[in-house]
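First residue of the sequence shown: 1, per the working numbering; consecutive thereafter.
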Amino acid sequence: MTISTAAALLASAVVACTAAPTPAPSPPSKAQPEPSPTTTAGDSGIDETIVRVRIERLTRDAATAGFETTVMDVLTDPRGWRRAGFMFVSDDHARYQIVLGEGRQVDRLCRPYDTRERFSCQNGPAVALNAERWRTATSTWPAGLEAYRVMLVNHEVGHLLHLHHPQPQCPGRGLPAPVMAQQSTTLGGCQPNPWPLQWEVHLASRRAESLAPPARHDPADHRPSPPPVRGG
Ligand SMILES: [Zn+2]
1 MTISTAAALL ASAVVACTAA PTPAPSPPSK AQPEPSPTTT AGDSGIDETI
51 VRVRIERLTR DAATAGFETT VMDVLTDPRG WRRAGFMFVS DDHARYQIVL
101 GEGRQVDRLC RPYDTRERFS CQNGPAVALN AERWRTATST WPAGLEAYRV
151 MLVNHEVGHL LHLHHPQPQC PGRGLPAPVM AQQSTTLGGC QPNPWPLQWE
201 VHLASRRAES LAPPARHDPA DHRPSPPPVR GG
C-alpha cells in the first residue's frame, strides 16, 4: 500500500460516523470483567440474547428530552435488531451504555476514534451519540429527524453487535441503504433507511463475534460485511 493510498483510506474512514482511529495509546484496561450477555434458544430458532444497556443523557435541553424513550423504543421495535434475537433491557447498572452528549463529550468517550465533535461512535461498551446530530440530523439527510434518530441508534448499536460498514455501502441506485452504511455522510444513490435489512439481521443473528468490539487501530481492519444477498 502506498502512503497516498493509506492516507486516502484514512481520510475516508475519518469521515465515518464511526470514525477511524488516530494513532493513540491503548485505553487503560478495565479492572471489571465483562459479563457475558445471557443467550438462550428462542422459539423462532434464533438465539435470544439479553443485552442490558444503560441509557444516559448528558444534555438538558428540550430538543433532546425524549432521548431515553426513543432509544428504548428503537431497540425493542420488531423492525430492529430484535429480529436478530437481541432483547434489550434498560438497566441503570449495565455495563453497555448508550450516551447522548455534546461534541467534546462524545470525543472523549470515543478516543482513540476522532469524531471531530460532529460524529458518533461505538467504542467498546460505549455507544456515544452526538447531541447536535440528534437535534438537527444532517443537511443531506432527506427523510426527517425522526427517521434519522432511528437510523443513528440502529447504526451505532449495530457496531456494538459487531457489525461493520458494508462494501459497497450502497448496493444499487434506488435500493434501501443498509443501516450499517454511513448514511450520515452519503447515501450514494440509495434510499434512506433507518432499519436493518434482512441480510444485516441474518449477519447479526450468527453471533460470529462477541459484543462491544474495542476501537480498531488499523483502518484496514474495518472489515466489510459479506455482499448483500437477493431481496436486500
Ligand atoms: Zn459506523
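Cβ atoms here follow ideal geometry from the backbone N, Cα and C, with glycine treated the same way.
Please report the Cβ distance between residue i and residue j, rounded to the nearest whole angstrom; I am assuming they are in contact, meaning their Cβ atoms lie under 8 Å.
i	j	result
Leu197	Pro214	So it is not a contact: roughly 26 Å between Cβ atoms.
Arg135	Thr64	7 Å
Secondary structure at residue i, three-state DSSP: helix, strand or coil?
i	result
Ala31	Confidence at Ala31 is low in this model, with a pLDDT of 40, below 50, so the placement of that residue should be treated as unreliable; the coordinate-derived value is given next. If DSSP states are grouped into helix, strand and coil, Ala31 belongs with coil.
Asn193	coil
Val106	helix
Leu129	strand
Pro122	The sequence given here has Gln at residue 122, not Pro. Of the three classes helix, strand and coil, the one that applies to Gln122 here is strand, per DSSP.
Ala6	Caution is warranted here: a pLDDT of 39 is assigned to Ala6, below 50, making its placement in the model unreliable, and the coordinate value is therefore given only provisionally. Of the three classes helix, strand and coil, the one that applies to Ala6 here is helix, per DSSP.
Ala215	coil
Glu146	helix
Trp141	coil
What does residue i pair with, by DSSP beta-bridge criteria?
i	result
Phe88	Val51
Arg57	Leu100
Val39	According to the sequence provided, residue 39 is Thr. The question's Val does not apply to it. Beta-bridge pairing links Thr39 to Thr49.
Pro176	Gln191
Kindly examine ligand 1 and report whether one of its heavy atoms sits closer than 7 Å to the Cβ of residue i.
i	result
His162	no
Gln169	no
Ala182	Inspection of the sequence shows that residue 182 is occupied by Gln rather than by Ala. Checking every heavy atom of ligand 1 against the Cβ of Gln182, one is found closer than 7 Å.
His155	yes
His202	no
Please find out if some non-hydrogen atom of ligand 2 comes closer than 7 Å to the beta-carbon of residue i.
i	result
His93	Ligand 2 is not among the ligands present in this structure, which contains only ligand 1.
Quick check: the region 100-110 against the region 124-135, are there 3 or more CB pairs under 8 Å? yes
Report yes or no: do the region 79-88 and the region 54-70 share at least 3 C-beta pairs separated by less than 8 Å? no
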